[in-house]
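K.L.:
There are 2 protein chains.
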Amino acid sequence: MVKYTHILVASDFTDNSGMVIKKAEELAKQMGSHLSLLHVVEPLPGYGYAFVGSAEIELQLVEEAKRQLAKLGKQLNVKDNDQYVEVGPTKIEITRVAEEIGADLIIVGSHGRHGLSNLLGSTANAVIHNADCDVLTVRLKDKI
Amino acid sequence: MVKYTHILVASDFTDNSGMVIKKAEELAKQMGSHLSLLHVVEPLPGYGYAFVGSAEIELQLVEEAKRQLAKLGKQLNVKDNDQYVEVGPTKIEITRVAEEIGADLIIVGSHGRHGLSNLLGSTANAVIHNADCDVLTVRLKDKI
Numbered sequence: 424m425v426k427y428t429h430i431l432v433a434s435d436f437t438d439n440s441g442m443v444i445k446k447a448e449e450l451a452k453q454m455g456s457h458l459s460l461l462h463v464v465e466p467l468p469g470y471g472y473a474f475v476g477s478a479e480i481e482l483q484l485v486e487e488a489k490r491q492l493a494k495l496g497k498q499l500n501v502k503d504n505d506q507y508v509e510v511g512p513t514k515i516e517i518t519r520v521a522e523e524i525g526a527d528l529i530i531v532g533s534h535g536r537h538g539l540s541n542l543l544g545s546t547a548n549a550v551i552h553n554a555d556c557d558v559l560t561v562r563l564k565d566k567i
Numbered sequence: 424m425v426k427y428t429h430i431l432v433a434s435d436f437t438d439n440s441g442m443v444i445k446k447a448e449e450l451a452k453q454m455g456s457h458l459s460l461l462h463v464v465e466p467l468p469g470y471g472y473a474f475v476g477s478a479e480i481e482l483q484l485v486e487e488a489k490r491q492l493a494k495l496g497k498q499l500n501v502k503d504n505d506q507y508v509e510v511g512p513t514k515i516e517i518t519r520v521a522e523e524i525g526a527d528l529i530i531v532g533s534h535g536r537h538g539l540s541n542l543l544g545s546t547a548n549a550v551i552h553n554a555d556c557d558v559l560t561v562r563l564k565d566k567i
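Quick mapping for you: the protein sequence lines, in order, are chains F and A.
So the first sequence is numbered by the numbering used here: it starts at 424 and just counts up by one.
So the second sequence is numbered by the numbering used here: it starts at 424 and just counts up by one.
Here you go:
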């Protein structure tokens, strides 16, 4: 039987990320999988020097992400130590955490051909390129 | 409940594509989904003119693909009219067929960072970029 034992779901807390979370939750339920949550805080852009207060802002972003993830964890019954907030390039952090915790399925949202990601390079694309496990990309419906 | 009603699985008949098929079969079983099979025959490279016999070779490739898909269909209990052999660029044909048949999940293999696809550009990447539905990429273990 196909059974994913440990699912890592990466959420960016955007309006339509609820769909990604919902699918992750229900697939985990169906398959009896362990569920872990991840949010990645992208480092503030560097200008060759740290501007005053940048470290503090980053810290605030991490704290806010932890609060939001804790709220989500409570809804989904995901324990504190299965909630990850990491600082770094999103594409790298998702696959790094997946390997570290031994996830066999990563679930991420994908904006497809309409989103801003089309210009910036898609996180989902980079994740399937780098991941050592299966990846489910949930198609987010962008407002065009 | 998350339920994919119609799963399209694209197979390239390579040695390790069995894993993609197996996962598709079992997920379809678990969710009671309709399953369709697709193999895409890439057009022979054009040199500005058709070389003698190229149309015939393409036809043979299509016939061979149909035979292999029929064999697979029999194993998986997928009816003849849910088996698709298309000629065209793989990336485009997968999403075109998915839209045409109203698939809500596409399953494809991904070679990740080691495969030849790394050089050629990944089919899986193009599919998640263009698809209007969710995509499960199954990580194929390449011989390095």
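Every residue gets a Cβ at the ideal spot worked out from N, C-alpha and C, and that includes glycine.
Could you compute how far the alpha carbon of E513/F sits from the alpha carbon of K494/A?
P.N.:
The sequence given here places Thr at residue 513/F; Glu does not occur at that position. When rounded, the distance between both Cα atoms is 42 angstroms.
K.L.:
By the three-class DSSP mapping on this structure, what secondary structure does L543/A have?
P.N.:
Any reading at L543/A needs caution, since the residue's pLDDT is 47, under 50, leaving its predicted position unreliable; the model's value is listed next. Helix at L543/A.
K.L.:
What first and last residue would you give for the beta strand (DSSP E) that runs through T560/A?
P.N.:
Its beta strand (DSSP E) spans residues 557–562.
K.L.:
Might you give, ordered along the chain, the residues of its own chain that have their beta carbon closer than 6 angstroms to the beta carbon of Y427/F, omitting 5 neighbours on each side?
P.N.:
If we look at Y427/F and ignore the five residues flanking it on each side, its Cβ neighbours are M454, S456, D527, L528.
K.L.:
Going by DSSP, what residue range makes up the alpha helix (DSSP H) through A451/F?
P.N.:
Its alpha helix (DSSP H) spans residues 440–454.
K.L.:
What do you get for E448/A, buried or exposed, if any count of 16 or more other CB atoms within 10 angstroms of its CB means buried?
P.N.:
Classification for E448/A: buried.
K.L.:
Give the residues of chain A in contact with S456/F, contact being defined as C-beta atoms less than 7 angstroms apart.
P.N.:
In chain order: nothing, as chain A lies at least about 12 angstroms away.
K.L.:
Which value, in whole angstroms, describes the spacing of the CA atoms of N500/F and Q506/F?
P.N.:
Using only the alpha carbons, I get a separation of about 11 angstroms.
K.L.:
With 16 as the cutoff for other CB atoms within 10 Å, does L482/F come out buried or exposed?
P.N.:
Its Cβ having fewer than 16 others within 10 Å, L482/F is exposed.
K.L.:
Given a cut-off of 9 angstroms on the beta-carbon distance, is the pair V508/A and H462/A in contact?
P.N.:
For V508/A and H462/A, yes; Cβs fall inside 9 angstroms.
K.L.:
By alpha-carbon positions, which one of V425/A, I517/A, A451/A, S440/A ends up nearest to A564/A?
P.N.:
According to the sequence displayed, residue 564/A carries Lys and not Ala. It is S440/A.
K.L.:
Going by DSSP, which residues form a beta bridge with L460/A?
P.N.:
L460/A pairs with V432/A, Q506/A.
K.L.:
Go ahead and pull the three-state DSSP assignment for G532/F.
P.N.:
Looking at G532/F - three-state DSSP - the assignment turns out to be strand.
K.L.:
Under a Cβ-count criterion, where at least 16 other Cβ atoms within 10 Å of its own Cβ denotes burial, should R490/F be classed as buried or exposed?
P.N.:
Under this definition R490/F is an exposed residue.
K.L.:
Should A521/F go down as buried or exposed, given a rule of 16 or more other Cβ atoms within 10 Å for buried?
P.N.:
Buried is the call here.
K.L.:
Spatial neighbours of N553/A within its chain, please: C-beta separation below 8 angstroms, excluding the five flanking residues on both sides.
P.N.:
For N553/A, where only same-chain residues beyond five positions count, the Cβ hits under 8 angstroms are K514, I515, T518.
K.L.:
Measure the CB-CB distance between I551/A and T560/F and report whether it falls below 9 angstroms.
P.N.:
Cβ atoms of I551/A and T560/F: closer than 9 angstroms.
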